[in-house]
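Visitor:
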Amino acid sequence: MPHLHIKEFKEISLPQKIDEVAFNFIANNANHSDEKLISTTVDGEDFFLLVKEEENRSLLKTDKLTRPASIYNVHKALNAYAKVADLEVIASNVPESKKNVHLQEATALKKIEYFAQNFPAEREVRIEVGFGSGRHLLHQAANNPDILFIGIEIHRPSIEQVLKQVVIQELDNVMVLDYDARLFMELVPSNIVGKIYVHFPVPWDKKPHRRVISTTFIEEARRVLKVGGTLELRTDSENYYAYSYETFIAFNKTTLHINKNRDIAVSSKYEDRWKKMEKNIYDLTMINDEESPALTIEGDFKFSQPKLSPDALIALHNKTVRFEGGFIHFERVYYLRDGVMLRISMGSFDRPEHLYLIVKEDSVKYYPELPLKSRSNLKAHQELNKVLNG
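Heads up, the sequence shown is in my numbering, so the first residue is 136 and it goes up one at a time.
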């Protein structure tokens, strides 16, 4: 992750703009005085820079929850703040060079709002969850030009590598998203997806709740898949294979195909390595047999005027509110010049959303953007509104 180690952090007067980077406000952690967040805007993307004050030096990097789609915008923001605050940089992995020419031309990277506002459903869609090196995604897109491929990945170097290849290969049927695939599935329209690829997901043996394959994910897959569409799991983990088989077969009605050590048209470098090690590769393919009702989600994320005092808001730190089907957890509290900011996780237990909430005397808003419009998030929002109104 891009970062600067600096001798001493210095605050600047806000708001302020330099080199096309706007610094809007600063938030101070109410429970840890050594942590601050700086609201930043670059090319229309709002995010936080994180300051961690350490012994004899400080760390300046991007906040993980709000990191922008473009890593180049993070570089611009870090360099701009160091410049305007006249920081003494001890060590840095942030390049000063200009954006890669292929990344400048890339238009495939989308934000979640793009799909939430008007999902591209004019043609068949295929989704790849965790595309890694991108070999499989790019191969499929090149050989199926009439199909839209949506690749989901959270590893930034992998995303940038695929974006470059999309430009080099002149592919116009690939979209890339940096987001939690489990949440993304909740906004995909019903019956439009031909295939969902989940190739070599992280097994998460010690944290099974983080696995992609789950009862809820399979339910959403069945909804979004066309009749005859498939959800394809490919894994080298015997534990993950066994767990996934049990999860699939628990459904009252399901059609599964199972293969072991099946060759496919293109493989990842990791798969090539595992084959050399003579590791077994397992394929579980679920075939969807039924058409699903259209997706309908009603509700909004409006707040009524808050009634809690600043002290009461600060007291929410580390509190958890549970309700049927979900929860809200108040992770951290920050002081603002004219209010309080809360970092929260909310929604369903197995796929929560993490975001910030700015509370002022007469208003409340999510920052930097609204939660994904899902049933679980809308229910959590209703409960959150109740908490803020005492």
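Just so you know, even glycine gets a beta-carbon here, dropped at the ideal spot from N, CA and C.
In this text, all values refer to a predicted model and were calculated from it rather than measured experimentally.
Could you tell me which residues DSSP puts in a beta bridge with residue 131?
Guide: Residue 131 falls outside the range modelled here, since the chain spans only 136 to 525, and no answer is possible.
Visitor: Considering only DSSP beta bridges, list what residue 489 is partnered with.
Guide: 480
Visitor: Give the range of the alpha helix (DSSP H) segment to which residue 212 is assigned.
Guide: Counted as a single uninterrupted DSSP element, the alpha helix (DSSP H) harbouring residue 212 occupies residues 206–219.
Visitor: Between the region 154–164 and the region 463–479, do three or more beta carbon pairs fall short of 8 Å?
Guide: yes
Visitor: Roughly how far, in whole angstroms, is the beta-carbon of residue 509 from the beta-carbon of residue 368, given that I think they are within contact range, below 8 Å?
Guide: Wrong, their Cβ atoms sit about 23 Å apart, outside the cutoff.
Visitor: Using DSSP with H/G/I as helix, E/B as strand and the rest coil, what is residue 424?
Guide: coil
Visitor: Could you name the residues of the same chain whose beta carbon sits closer than 7 Å to that of residue 515, not counting the 5 residues immediately before and after it, in chain order?
Guide: 461, 463, 481, 482
Visitor: Specify the secondary structure class of residue 107 as computed by DSSP and reduced to three states.
Guide: An answer regarding residue 107 cannot be provided, because it is not within the stretch 136 to 525 covered by the chain.
Visitor: Quick one: Cα of residue 251 to Cα of residue 507, how far?
Guide: 8 Å
Visitor: How far does the beta strand (DSSP E) with residue 392 in it reach, from first residue to last?
Guide: 390–395
Visitor: Relative to the C-alpha of residue 359, which candidate in 409, 402, 413, 425 has its C-alpha closest?
Guide: 425
Visitor: Report the CB separation of residue 271 from residue 401 in whole angstroms; it is logged as a contact under 8 Å.
Guide: 5 Å
Visitor: Does the beta-carbon of residue 436, which I'm using as the reference point, lie nearer than 7 Å to any heavy atom of the ligand ATP?
Guide: As far as ligands go, the structure on display features none, and thus does not contain the ligand ATP.
Visitor: Taking only three categories from DSSP, how would you classify residue 182?
Guide: strand
Visitor: For residue 335, collect the residues of the same chain with a Cβ closer than 8 Å to its Cβ; drop the 5 residues on either side in sequence, then sort them by chain order.
Guide: So the list reads 265, 267, 369, 370, 371, 403, 405, 406, once near-sequence residues are dropped.
Visitor: Let's test the definition: count the other Cβ atoms within 10 Å of the Cβ of residue 487 and tell me whether it reaches 16, buried, or not, exposed.
Guide: buried
Visitor: Relative to the C-alpha of residue 242, which residue among 299, 278, 145 is closest?
Guide: 299
Visitor: Would you kindly report the start and end of the unbroken beta strand (DSSP E) that includes residue 284?
Guide: 283–287
Visitor: Return helix, strand or coil for residue 243, following the three-state DSSP convention.
Guide: coil
Visitor: From the DSSP output, which residues share a beta bridge with residue 158?
Guide: 151, 175
Visitor: Do you know how far the Cα of residue 354 is from the Cα of residue 437?
Guide: Whole-angstrom Cα-Cα distance: 29 Å.
Visitor: Short check: CB of residue 365 to CB of residue 422, under 8 Å?
Guide: yes
Visitor: On the criterion of 16 or more Cβ atoms from any shown chain inside 10 Å, does residue 408 qualify as buried, or is it exposed?
Guide: exposed
Visitor: Can you say whether residue 337 is buried or exposed, counting buried as having 16 or more other CB atoms within 10 angstroms of its CB?
Guide: exposed
Visitor: Taking all protein chains shown into account, decide if residue 304 is buried (16 or more other Cβ within 10 angstroms of its Cβ) or exposed.
Guide: exposed
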